DNA sequence: GTTGAAAGATGAGCTTT
DNA sequence: AAAGCTCATCTTTCAAC
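And the structure:
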C-alpha cells in the first residue's frame, strides 16, 4: 500500500460539503454532487476508510456554554529535545482546557489554544497546570478578544 | 426572552458526546445518556435551536488532501481603529487559505491560521493576498511543524 | 443505477413526577 | 406543567441485484 490516493473532482466536492455540513443526508449530498445515493455513499465510506475524512464533530457556541476566555499561549521549553517534548506532551494531553497544541518554528516552541470560564479560571489553569510542567521555561499569553473567522472548510490545493 | 438557558447534566453529556462524535445516531446517543430516543432527540433539537450547538463538520486529514503547510501568522495593522479593522476583515474573509482570524491582545493585533499546499503556495498567499491588504503593517509567521493535540471537545466550566 | 429490507428518526398521545 | 415513555409512521441507509 502506497500513500497515493486518487481523488477526483467529485470526491473533492463531497469533502467540501461534508466539512461545511457534516450532517447532510446521503440523499441530499448525492443530489448536490449529481450522483445517485448508492455510489455517493460508497465514496463517502471510502473516504472515511482511507482516513481522508477523520471524524465528525458538533461545534458549540463557547459563549453560550459559559466559556468566556480563549487564548493563544506561546510556550518555550527548557531545551528542546525528545525527552523534554515527550514530558511536555504527556502533561499537556491531560489538560482539558488546552484544546490545541502545535509544535512551531519561531521564537516560541509550542503554540497552545486554551479555553476557560473566565480570567480567574484561566489563571488557575496556567498556574496550577501548565506552569507546573517541569520542562516549561516561559509562557506568553495572547487573549482572544473576538474571533472573526473560523472556517471548518480546508481549501483543496489545486 | 432572556439569555439564560437552563442546561442540566444530561444536556452537558449530550454536548460532550456530540462534540466528540457528531455522527452518532440518536438511538446510540439515547443509550449513552440513559434516556429513550424521543426525549433525547427533543433535547438535541432544543440545543440546536438555542444555538448552543451551532453546526456539524467533517474533519479531514490535511496531509492526505495535500495540505503540507499550516502556520500561525501574527498580523499588526497600521493603526487599530474601526475602519481599518473592517477593511482588514473584509479582505481576510475572501482568502480561503486563512481558515481562522482572531483579534487578540499582545504585541500583534490579529492571529491567523493559514493553510497551503507547500511553502511556495504559502508564500504566494502571503505576498499576493495578505500583504496586499492596505492596512496591514507587519506579519510574523510561525510554521506548524506538527500538531500534537487538536481536541474538538470544549470542556464545560463547572 | 435501482430496488427493497432493515435501521433510525420523529411526531402523537399516554404516563409519571 | 414538565419531562419521559411507547408506539406508529416516515425517512434514510445500505446491501443485493
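Protein chains in written order, with this note's numbering: chain A, 11 to 168; chain B, 11 to 168. Note that the Cβ used here is the ideal one computed from N, Cα and C, for glycine as well. This structure is a prediction, so every number in the text was calculated from the model and none was measured.
Distance check between residue 26 of chain B and each of B:45, B:48 and B:63 places B:63 closest, using alpha-carbon atoms only. In this structure, residue 103 of chain B lies away from residue 67 of chain A, with their beta-carbon atoms at least 8 Å apart.
Residue 115 of chain A is classed as exposed because its beta carbon has fewer than 16 other beta carbons within 10 Å across all chains shown. DSSP lists B:83 and B:111 as the bridge partner or partners of residue 122 of chain B. Judged by DSSP in its simplified three-state form, residue 159 of chain B adopts strand. No Cβ-Cβ contact shorter than 8 Å links residue 164 of chain B with residue 153 of chain A. By the criterion of a C-beta distance shorter than 6 Å, residue 94 of chain B is surrounded in its chain by 87 and 145, once the five residues flanking it on both sides are discounted. Chain B places a beta carbon closer than 8 Å to that of residue 109 of chain A, counting this residue as a contact. Within the segment 61 to 79 of chain A, those residues whose Cβ lies closer than 9 Å to any Cβ of chain B are, in chain order, 61, 62, 63, 64, 65, 66, 67, 68, 69, 70, 71, 72, 74, 75, 76, 77 and 78. Nearest CB-CB separation between residue 59 of chain A and chain B: not below the 8 Å threshold. Judged by their CB atoms, residue 83 of chain B and residue 125 of chain B are not nearer to each other than the 8 Å cut-off.
Counting C-beta pairs closer than 8 Å gives three or more between the segment 33 to 41 of chain A and the segment 50 to 61 of chain A, which meets the contact rule. In this structure, the CA atom of residue 159 of chain B is about 5 Å from the CA atom of residue 111 of chain A.
According to the DSSP assignment, residue 63 of chain A belongs to the beta strand (DSSP E) that extends over 63 to 70. Relative to residue 168 of chain A, the option among B:46, B:131, B:29 and B:150 whose CA is nearest is B:131.
Runs of the alpha helix (DSSP H) lying entirely within the segment 13 to 45 of chain B and spanning at least 4 residues, in chain order: 19 to 30 and 36 to 43.
Cβ-Cβ separation between residue 149 of chain A and residue 136 of chain A: approximately 7 Å, consistent with a contact (criterion under 8 Å). Taking all protein chains in view, the Cβ of residue 92 of chain A is surrounded by fewer than 16 other Cβ atoms within 10 Å, so the residue is classified as exposed.
When only Cα atoms are considered, residue 109 of chain B and residue 122 of chain B end up about 7 Å apart. Counting only Cβ-Cβ distances below 7 Å, residue 99 of chain B has contacts in chain A at 158, in chain order.
Per DSSP, reduced to three states, the secondary structure at residue 138 of chain B is helical. The CB of residue 155 of chain A comes closer than 9 Å to the CB of 112, 113, 114 and 115 in chain B, given here in chain order. Going by DSSP, residue 74 of chain A is part of no alpha helix (DSSP H) at all; its letter is neither H nor E. Within the same chain, and ignoring the five residues on either side of residue 129 of chain B in sequence, the residues whose Cβ sits closer than 7 Å to its Cβ are 79.
Taking C-beta atoms under 8 Å as the contact rule, residue 140 of chain A and residue 105 of chain A qualify, at a distance of about 7 Å. Here residue 147 of chain A carries a strand assignment [DSSP, helix/strand/coil]. Listed in chain order, the non-local C-beta contacts of residue 42 of chain A below 7 Å within the same chain comprise 27, local neighbours out to five positions each way being set aside.
Not one beta carbon of chain B lies nearer than 8 Å to the beta carbon of residue 141 of chain A.
Under the Cβ distance rule, residue 40 of chain A does not count among the residues neighbouring chain B, no pair being separated by less than 8 Å. DSSP, reduced to helix, strand and coil, places residue 154 of chain A within a strand of the structure shown.
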